[in-house]
Amino acid sequence: MSSYQNIESALIHGGNTTDKHTGAVNVPIYQTSTYRQTGLGENPEWEYSRTGNPTRAALEALIAELETGTAGFAFASGMAAITAVLSLFESGDKVIISSNVYGGTFRVLDKVFKNFDITYSIEDTTDIDALDKKITPDVKAILVESPANLLLTITDIKAVSDIAKKHGILSIVDNTFMTPYLQRPIELGADIVIHSGTKYLGGHSDVVSGLVVVNSKELAERIAFIQNSTGGVLAPFDSFLLIRGIKTLGVRMDRHVENAVKAAKHLKKHSGVKNVYYPGLPDAQGYEVNKGQAKNGGAMISFELKENHDIKKFFKSLRLVALAESLGGVESLVCHPASMTHASIPYEIRQRVGITDGLIRLSVGIENIDDIISDLDNAIKESETL
Ligand SMILES: *Cc1c(COP(=O)(O)O)cnc(C)c1O
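Following the numbering used here, the numbering of the sequence shown begins with 73 at its first residue and continues without gaps.
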């Protein structure tokens, strides 16, 4: 942390979230598109709100400090943030993505950037030696998530960053599932961190947003140029909501994780459950690697019901836990990846990377854990077919 010893304090005081004009402890919502200039050629600090806005700038300084980067950038969605980062590349360039990345990341590469001859390949980034051999001269970046969507696969962020450095290419980490409270990829050597602020950072399922943090002045200048040129910026009100959400990130995450550990342990011994994926349990894939790079296993769980369960009936029977896209809000959410978040990934690829039709993704909320567990138990029981 740059100005605060501990991240709990930086969450609340980081960046420059006090209004320097009035002392207001919360940065006002500067709901303006433009700024009156004092005279021609006098280089005003603020010119136009696509280029810069004080509320957005406060959020950008805050996330840069939390992720220990050089500069931060706020976008209208996680996908706008990812699109801005991918706009660093040119035709002929290739990006390696880990299998199980967020469906939207795959889709924008497969259906949009491909049209500009920026290509991708899907690799198992948990196998570092194999990954090293995949770095051909056209590969310009490795983009990973850890834990990665769905099977909560853990990738060694430092090892991937080291490989990227060795080949002179960029390492990019989508840190949405962990947040800087649990994991800080730039400290592990990553060049760029991406967030969907829609999830834990906002935390209340009431704002769509995205963030980028970079580790160098050169990357900061390039992303600032892309942000201003392509224009997918976060609005002042939404920037305010995100700053407000981040203040309670620490206490929320502590409860999210406490609940997730209990839920994962419970599901694991449940007779109706076939598989549980949760990197916070000692027998999970990558448990030791995750322990070395993150504070704990986070609060996302995936699990599979046994064959004698009707998945439609399971979702219908839930009362407290809501069937919904998204994650990271105070309320517990479940989704069916094969038909929802990951439907844009072709069936064959889904099977290859383990996104079976029986897989359920659970974003454990901060409700009373006994209520969450009894709701899950009831729905599992209701869904039994024999
Ligand atoms: C939701 C999500 C995104 C996309 O963010 P939006 O705010 O929905 O555009 C990207 N990466 C991950 C890991 C996500 O969960």
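Cβ atoms here follow ideal geometry from the backbone N, Cα and C, with glycine treated the same way.
In the DSSP assignment, the beta strand (DSSP E) including residue i goes from what residue to what residue?
i	result
glutamate 195	191–195
methionine 372	372–377
valine 211	211–217
alanine 469	Any question about residue 469 goes unanswered here, given that the chain covers just 73 to 458.
arginine 433	431–435
aspartate 246	242–246
Could you check if residue i belongs to the surroundings of ligand 1, using beta carbon to heavy atom distance under 6 Å?
i	result
glycine 370	no
tyrosine 174	yes
methionine 250	no
aspartate 278	no
aspartate 246	yes
serine 149	yes
serine 268	yes
Among the options, which residue has its Cα nearest to the Cα of residue i?
i	options	result
glutamate 162	Ile421, Ser218, Lys212, Ser149	Lys212
asparagine 78	Asn221, Pro252, Leu215, Lys384	Pro252
valine 284	Asp326, Ala136, Val425, Glu403	Ala136
phenylalanine 309	Lys367, Ile101, Lys453, Cys407	Ile101
glycine 364	Thr208, Leu399, Arg256	Arg256
glutamine 357	Leu223, Lys237, Tyr192	Leu223
lysine 337	Met372, Val157, Thr457, His93	Met372
alanine 96	Thr127, Ala82, Glu119	Thr127
histidine 85	Val99, His93, Thr94	Val99
threonine 140	Gly426, Ile258, Lys378	Ile258
isoleucine 441	Leu138, Ala332, His93, Asp246	Ala332
leucine 131	Phe312, Gly240, Ala220	Phe312
isoleucine 266	Pro354, Leu458, Ser218, Thr89	Ser218
asparagine 450	Arg179, Glu360, Asn362, Leu390	Leu390
arginine 122	Thr104, Ile445, Glu379	Thr104
phenylalanine 375	Ile452, Gly317, Val361	Ile452
isoleucine 427	Val245, Tyr174, Ala152, Thr94	Tyr174
aspartate 165	Leu339, Arg316, Val393, Ile241	Ile241
leucine 327	Val402, Lys384, Leu392	At residue 327 the sequence reads arginine, which differs from the leucine that was named. The residue with the shortest Cα to Cα distance from arginine 327 is Val402.
methionine 325	Tyr359, Ile295, Gly370	Gly370
tyrosine 387	Lys367, Leu215, Gly400, Pro409	Sequence check: residue 387 is phenylalanine here, not tyrosine. Ranking the options by Cα distance to phenylalanine 387, first place goes to Pro409.
glycine 124	Gly176, Arg316, Ala307	Ala307
leucine 377	Lys367, Val305, His239, Leu339	Leu339
proline 209	Leu215, His239, Ser193	His239
isoleucine 244	Ile214, Gly352, Lys334, Ala220	Ile214
leucine 59	Ser268, Asp382, Val329, Glu80	Here the chain covers residues 73 to 458 and nothing more, so residue 59 does not appear.
leucine 458	Asp443, Leu431, Asp382, Ile438	Asp382
proline 155	Leu134, Ala133, Thr248, Phe178	The identity of residue 155 in the sequence shown is threonine, whereas the question assumes proline. Minimum Cα distance to threonine 155 is reached at Phe178.
With respect to the alpha helix (DSSP H) encompassing residue i, which residues constitute its N-terminal and C-terminal limits?
i	result
serine 455	Unbroken run through serine 455: none, as it is neither H nor E.
valine 157	150–158
valine 16	Residue 16 is absent from the model: the chain starts at 73 and stops at 458.
valine 167	From DSSP, valine 167 is part of no alpha helix (DSSP H) but of the beta strand (DSSP E) over 166–170.
alanine 130	126–138
isoleucine 84	79–85
isoleucine 200	200–205
tyrosine 419	419–424
histidine 239	229–239
leucine 254	251–254
Does residue i have its Cβ less than 7 Å from a Cβ in chain D?
i	result
alanine 148	Chain labels in this structure do not include chain D; a single protein chain is all it has.
Examine ligand 2 and report whether any of its heavy atoms sits within less than 6 Å of the Cβ of residue i.
i	result
lysine 183	As for ligand 2, it is missing from this structure, which binds only ligand 1.
Which complete beta strand (DSSP E) runs does the stretch 332–406 hold, if anything under 3 residues is left out?
345–349, 372–377
Going along the chain, which unbroken runs of the alpha helix (DSSP H) with 4 or more residues stay wholly within the stretch 259–345?
289–302, 308–319, 321–340
Is the stretch 197–217 touching the stretch 161–177, taking contact as three or more C-beta pairs under 8 Å?
Touching, yes, given that three or more Cβ pairs across the two stretches are closer than 8 Å.
Okay, do the stretch 170–190 and the stretch 137–145 touch, 3+ Cβ pairs below 8 Å being the bar?
no
Segment contact, 8 Å Cβ cut-off, at least three pairs: the stretch 259–266 with the stretch 226–235
yes
Okay, do the stretch 271–282 and the stretch 309–325 touch, 3+ Cβ pairs below 8 Å being the bar?
In short, these stretches touch, since the Cβ pair count reaches three.
Does the pairing of the stretch 296–308 with the stretch 405–419 give three or more beta-carbon distances under 8 Å?
no
If contact is defined by three or more beta carbon pairs under 8 Å, each pair taking one atom from either stretch, is the stretch 97–115 in contact with the stretch 345–352?
They do not touch, by the three-pair rule.
Is the stretch 113–120 in contact with the stretch 150–166, if contact means three or more CB pairs nearer than 8 Å?
no
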